[in-house]
Amino acid sequence: MAKILVVEDESIVAWYLQEALKHLGHQVVGSAISGEEALECAAETQPNLVLMDIRLKGKMDGIAAAEQIYSRFDIPIVYLTAHADECTLKRAIATKPFGYLVKPFQEREVHTTIEIALSRHQLEKRCETTPEEVVDGRDTIAEATIAADRSGKIIFMNSVAETLIGWLEQEALGKFATKVLRLIDSQTREPIENPLLKAMGENGTLRWSKGCLLLRKDGTEIPIHPTATPLRNSNGEIIGSVLVFHDIRSPQQKVTTLQQPNLTLELTQASLIARLLERTTNLQEAIACIDLLRRVVNQVRKNSNQIEILQITISELGRFLEADYCWVTLYNLNHTFATISCEYIAVNQPRSYPSALGIQIDMQSFPDFYEPLLQRNYWLSPPWQFLPTPYQSLITTDMQMLICPLMDRDVAIGEITIVRNGKPPWSQIQAELISQVVSQCATILRQAHAYQATQDYVGNMELLNQIKDNFISSIAHELCTPLANMRMAVEMLSSLTHSLQNGDEEIETPQNQQPLWQKLEHYLQILREEWQREFNLVIDLLNFQNVETLSASLSFNPIDLQQWLPQVINRFSEEPIRQRQVLSCEISPQVSTVISHEPSLERIISELLTNACKYSPPDSWITLTADNQGENVLIKVTNSGSTIAPEELNRIFEPFYRIPCPNLWNYSGTGLGLALVKRLAKLLRGDIQVESHAGETTFTIVLFQEKC
């Protein structure tokens, strides 16, 4: 049983540790939440071991407190941490702690770490009573030890390794193993592949029994026998590697009984450092992924184009992951075909990749590859034989691949493939993290579509409100103007009637009565015209509202266009004369009889002729023509002197829509005329079209005639 001091500022973690220690049979002699309090508790209780959180609140962090406790009281320290930056890790390693516990930890890990730390401290205490040449327990190790993380960067070196390699640990930490550790073959003088990297790549222990020379920092050479093995986390995944070697020219150390325990301690320490760095790296990558998503969101926030959004996404992913090649494959609705729609190819790389854009893949020919993706699972370097044939032509077998599904809710709409070459392999945790990023990118894509749909809806609602406001304004004007004119005429008639009733002497003579009757007739004519105008407006509104219900009651009869069209023109001839316009009618001899509803057809032609007169300047011409087109009949109304802009042609038949005009009241109308014409043409089993260019506008009525 050991007396242990717990220094942890998170109450839940501190409570868990105390309970775990009691369950393991240890005595918790104190608990502190700051560095200053830890020093006081250590001085008072003199524990056998201190569990010290690296990050503590206050002026003194855990590393500073640990240094003082170890130097003043010779009490071993085990660090507690969840993550730390590189600078903090270097400070922690420099204090030569007796172990690390990485949060969240299990009771078994706590027990093992404490036992190793206590054993190491006891061994070092025993070394103090041995001959002078073995004063420092670490330096009695005959084997040099050096460790690297999964990216190939140095994370640990003992003093023997420092002496043999010629690098100080502080100089080597964070540098790539290929720079610090260089080996050559004694026979061929060729470089030997770095054993730390090779052990990770081959996933096993490697040994060199002879012919291996170490190139020291100063250029001298030392013959060594190295052994390299991977370091693994609790899931069995490779998180680094460790190399143990010795100078085969040197005699054996005297304290051989301490060599194996201390070597075990060194290897355990290297493994714990690797685990701590793995956890820190994972957290840093998670933070970087959040930043990546933020960048993607900022770039696609106002973009609804799916291909552009996906291109931005894989470009950001490719740069972030240092990928050589990325592509997006989209599936069809039935999941039978897939098409490579976007790609990212990194610049400044030795290998050139061919563009794969547009390549189609028969998904049913590769069920082993696509079934996991359709079930929301990702592929991490899938078996070569599973890959679609087009993919095999893009890469080689030694490349890493990560394929993540693109999901629209619960349906796979495609996949993103990321390819790297010559870089440390992805771990399962990294693959899971990248898969989550891709999933979030798919969510961003869906949200961008939803945002654009919302914007379109808002735009349509704003346009609808504008049309409604314009319609109300127009209707108010069209309703009020005739009423005002009628009121004026009624008042004038009332005044004249009043004069007649009072027997005004000025109007009793026949000479004066004639102008009076003319005025009466004029005001009555105003009343008739304005009443008719008001009546027509109401009828237009009712017809537009009820035109769909009229189709059942329409009676179609033969109409002889050769006789009927001139009659329509004659009824309309006065308006062009008043505006100094020339109206003509041209009917092809081949046109004879059509089957249609005469009132509706006349309503259409009258509306088109009215608009032609209204929007044509003086001295312009208006032509009504009729001709056959196969079995169909075309009736055209063409006017000169006006052109409709191309962007307006698609909207001219919309209800209440009026072509923008600087003066809204230049022309009367509600914006219902052409919309009503369009509906009537459909009811007549026909259509209406418009074209406008070079100062001419033509409306064409197409009357589809059934074959006899």
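My numbering applies: residue 382 is where the sequence shown begins, and numbers increase by one.
By construction, the Cβ of each residue, glycine as well, lies at the ideal position given by its N, Cα and C atoms.
- In the structure shown, the three-state DSSP call for N841 is helix.
- Pairing E911 with W898, the inter-Cα distance amounts to about 20 Å.
- Residue state for Y734 is assigned as coil, using DSSP reduced to three classes.
- A Cβ-Cβ contact shorter than 9 Å links C707 with V800.
- For A553, the secondary structure class from DSSP, reduced to helix, strand or coil, is helix.
- Leaving aside the five residues that flank I603 on each side, the residues in its chain whose CB is nearer than 8 Å to its CB run, in chain order, L545, L594, L595, R597, D628, R630.
- In the DSSP annotation of this structure, the continuous segment of the alpha helix (DSSP H) that includes M581 starts and ends at 576-583.
- For S540, the enclosing alpha helix (DSSP H) covers residues 540-546.
- If you compare the alpha carbons of D837, G555, P769 with that of M538, the shortest gap goes to G555.
- For R801, the enclosing beta strand (DSSP E) has its first and last residue at 792-801.
- Closest in C-alpha terms to L989, from the list I940, A1056, N1013, E1029, comes A1056.
- Here V459 is buried, its C-beta having at least 16 other C-beta atoms within 10 Å.
- According to DSSP, K384 shares a beta bridge with Q408.
- The beta-bridge partner set that DSSP reports for M788 consists of A793.
- Taking a cut-off of 8 Å on C-beta distances, the stretch 1005-1016 does not touch the stretch 1025-1038, as fewer than three cross pairs fall below it.
- For K560, the enclosing alpha helix (DSSP H) has its first and last residue at 558-561.
- DSSP places D530 in the strand class (E or B) of the three-state scheme.
- Looking at T569, F557, K591, the one whose alpha-carbon comes closest to that of S622 is F557.
- With a beta-carbon spacing of about 16 Å, S973 and F937 fall beyond the 8 Å limit used to define contacts.
- In the three-state scheme derived from DSSP, where H, G and I count as helix and E and B as strand, W760 is classed as strand.
- Within the stretch 968-1044, the complete alpha helix (DSSP H) segments at least 4 residues long are 979-996, 1027-1030, listed from N- to C-terminus.
- One alpha carbon belongs to N679, the other to Q730, and they sit about 29 Å apart.
- W708 is bridged by DSSP to E724, T798.
- Measuring C-alpha to C-alpha distances from N575 to each of R613, G533, N614 identifies G533 as the nearest.
- Separation of the CB atoms of Y751 and C785 is rounded to 13 Å, and the pair is thereby denied contact status at 8 Å.
- Our two residues, A525 and T608, have alpha carbons roughly 10 Å apart in a direct line.
- With a beta-carbon spacing of about 12 Å, T1078 and Q1070 fall beyond the 8 Å limit used to define contacts.
- Within the stretch 431-465, complete alpha helix (DSSP H) segments of at least 4 residues are found at 443-454, given in chain order.
- In this structure, I450 sits away from A498, with a CB-CB distance that is not shorter than 9 Å.
- Counting along the chain, R613 sits inside the beta strand (DSSP E) bounded by residues 608-613.
- Take the alpha-carbon of Y481 and the one of I385: they are about 15 Å apart.
- Leaving aside the five residues that flank C822 on each side, the residues in its chain whose CB is nearer than 7 Å to its CB run, in chain order, V677, T694.
- For I742, the three-state secondary structure derived from DSSP is strand.
- Sorting T586, E796, G739 by C-alpha distance to the C-alpha of H716 places E796 at the top.
- In this model, V819 and R588 are separated by some 41 Å (Cα to Cα).
- Beta-bridge analysis with DSSP links N938 to S977.
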